[in-house]
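Peer 1: Protein sequence lines correspond, in order, to chains U and Z. Counting from 240, one number per residue, gives the positions in the first sequence under the numbering used here. Counting from 240, one number per residue, gives the positions in the second sequence under the numbering used here.
Protein chains: 2
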Amino acid sequence: MKADTLRGHLDALLLAVLDGRKLHGYAIIEALSLRSDGALDLPTGTVYPALRRLERAGYLASEWDVVSGRKRRTYRLTRAGQQALAAERAEWQEFTAVIGGVLQGGA
Amino acid sequence: MKADTLRGHLDALLLAVLDGRKLHGYAIIEALSLRSDGALDLPTGTVYPALRRLERAGYLASEWDVVSGRKRRTYRLTRAGQQALAAERAEWQEFTAVIGGVLQGGA
DNA sequence: CCCTATAGGTAGTGTGGCTACATGTAGCAA
DNA sequence: TTGCTACATGTAGCCACACTACCTATAGGG
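#1: In the structure shown, what three-state DSSP assignment does residue 272 of chain U receive?
#2: Got a sec: is the Cβ-Cβ distance from residue 269 of chain U to anything in chain Z below 9 angstroms?
#3: On the three-pair Cβ rule with 8 angstroms, is the stretch 273-281 of chain U touching the stretch 291-305 of chain U?
#4: Return the residues of the stretch 277-288 of chain U that lie within a Cβ-Cβ distance of less than 7 angstroms from chain Z, sorted by chain order.
#5: What did DSSP end up calling residue 265 of chain Z once you bin it into helix, strand or coil?
#6: Any beta-carbon of chain U closer than 9 angstroms to the one on residue 316 of chain Z?
#7: Listed from N- to C-terminal order along the chain, which residues in the stretch 242-271 of chain Z have their beta-carbon within a distance smaller than 7 angstroms of any beta-carbon of chain U?
#8: Enumerate in chain order the residues of its own chain whose CB-to-CB distance from residue 317 of chain Z is below 7 angstroms, with the five nearest sequence positions on each side excluded.
#9: Under the three-state reduction of DSSP, which class applies to residue 314 of chain U: helix, strand or coil?
#10: Out of U:249, U:244, U:240 and U:260, state which residue places its alpha-carbon closest to the alpha-carbon of residue 314 of chain U.
#11: Report yes if the C-beta distance between residue 328 of chain Z and residue 270 of chain Z is below 9 angstroms; otherwise report no.
#12: Are the C-beta atoms of residue 292 of chain Z and some chain U residue less than 9 angstroms apart?
#13: Are the Cβ atoms of residue 247 of chain U and residue 245 of chain Z separated by less than 9 angstroms?
#14: Against chain Z, does residue 339 of chain U count as a neighbour if the rule is that its beta carbon must be under 9 angstroms from one of theirs?
#15: Within 10 angstroms of its Cβ, does residue 323 of chain U collect 16 or more other Cβ (buried), or is it exposed?
#16: Any residues in the stretch 306-332 of chain Z with a beta carbon nearer than 7 angstroms to a beta carbon of chain U? Which ones, in chain order?
#17: So what does DSSP say about residue 304 of chain Z, is it helix, strand or coil?
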């Protein structure tokens with residue numbers, strides 16, 4: 240997939256992958272790769288700053304824990320994050336309808 | 240629709256709207272608005288530079304004509320543009336499958 | 001001892017759609 | 001005749017944000 244097409248949709252991906260479970264950054268990257276059959280392989284330099292941004296925005300909350308000597312910052316959705324995810328999903332529906340419609344020569 | 244979500248998909252829209260017909264810049268903006276039921280209202284500062292870029296890339300060809308005293312630069316797809324459009328459509332399919340799959344909690 | 005996988009992070013770059021602005025014609029209304 | 005709106009094309013500069021490149025650190029296997 241062409242680089243940069245992700246732009247504007249990364250937040251939705253991160254919120255979606257955290258829907259109903261807690262994950263740390265590294266595991267988020269793996270989960271996204273898994274769910275996309277390897278199509279998504281996001282660099283840490285993309286994911287970590289985005290997670291911090293989403294936390295600052297109030298959509299995520301994090302806490303540190305230590306598993307077998309390694310520190311992990313585990314993220315979970317906040318209430319606001321749940322709502323943001325719902326909004327992102329709705330926007331995605333609209334987005335694909337609009338662009339897809341034009342690409343198929345609609346109206 | 241949130242600004243910037245378009246990023247990476249503008250070329251596809253412009254190529255698609257010129258598929259099978261010739262249009263000038265202003266008419267392209269109107270056609271995109273029409274096809275998207277008003278959801279797309281692209282500013283001229285977005286469309287005109289993009290058209291010139293696509294022409295430089297060899298995907299579009301243009302010629303000037305004058306209609307009722309007004310100058311128009313009319314664009315049409317080149318052979319390479321047709322192929323690029325096909326590629327963009329395929330990429331769009333892949334893109335929506337990947338992102339949509341993650342958003343719906345696939346895999 | 002080194003390499004890999006795991007884990008988190010920052011600094012700086014580059015792209016590309018956006019805002020804001022500049023230019024000009026045609027036509028209608030006050 | 002002045003002004004407004006629609007039509008029509010274009011450039012300069014900004015900024016968000018994903019990216020590249022880099023740094024740090026532990027655990028475990030070869």
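Where is the CB? At the ideal position from N, CA and C, for every residue including glycine. If you're wondering where the values come from, they're calculated on a predicted model, not measured in any experiment.
Peer 2: Taking the structure as given:
#1: As a first step, residue 272 of chain U is located in the first sequence; it is residue number 33 there, counting from the start. In this structure, DSSP gives residue 272 of chain U a helical state, which the three-state scheme calls helix.
#2: Within the first sequence, residue 269 of chain U is the residue found at index 30, counting from 1. With 9 angstroms as the cut-off, residue 269 of chain U does not count as an interface residue toward chain Z.
#3: Contact between the stretch 273-281 of chain U and the stretch 291-305 of chain U is absent, because fewer than three Cβ pairs lie under 8 angstroms.
#4: Within the stretch 277-288 of chain U, the residues whose Cβ lies closer than 7 angstroms to some Cβ of chain Z are 278 and 279, listed in chain order.
#5: Taking the first residue of the second sequence as position 1, residue 265 of chain Z is located at position 26. Helix.
#6: To locate residue 316 of chain Z, count along the second sequence from 1; it is residue 77. When Cβ-Cβ separations below 9 angstroms define contact, residue 316 of chain Z makes no contact with chain U.
#7: Identification of residues in the stretch 242-271 of chain Z having a C-beta nearer than 7 angstroms to some C-beta of chain U yields 243, 244, 246, 247, 248, 251, 252, 255, 256, 258 and 271, given in sequence order.
#8: Translated into the one-based positions of the second sequence, residue 317 of chain Z becomes position 78. Only 297, 298, 299 and 300 meet the Cβ criterion.
#9: Reading the first sequence from its first residue, position 75 is the one you call residue 314 of chain U. Of the three classes helix, strand and coil, the one that applies to residue 314 of chain U here is strand, per DSSP.
#10: Counting from one through the first sequence, the residue named residue 314 of chain U turns up at place 75. Closest by alpha carbon: U:260.
#11: Taking the second sequence and counting its residues from 1, one reaches residue 328 of chain Z at position 89. Taking the second sequence and counting its residues from 1, one reaches residue 270 of chain Z at position 31. Using a Cβ distance threshold of 9 angstroms, residue 328 of chain Z and residue 270 of chain Z do not count as a contacting pair.
#12: Looking up residue 292 of chain Z in the second sequence gives position 53. For residue 292 of chain Z, the answer is no, since every Cβ of chain U falls outside 9 angstroms of its Cβ.
#13: Here residue 247 of chain U is taken as the residue at index 8 of the first sequence, counted from 1. Here residue 245 of chain Z is taken as the residue at index 6 of the second sequence, counted from 1. Yes. Within cutoff.
#14: Indexing the first sequence from 1 puts residue 339 of chain U at position 100. Chain Z contact via Cβ: present.
#15: To locate residue 323 of chain U, count along the first sequence from 1; it is residue 84. With a threshold of 16 other beta carbon atoms within 10 Å, residue 323 of chain U meets it and is buried.
#16: Answer in chain order: 328, 330 and 331.
#17: Here the question's residue 304 of chain Z lines up with position 65 in the second sequence. Here residue 304 of chain Z sits in strand by DSSP.
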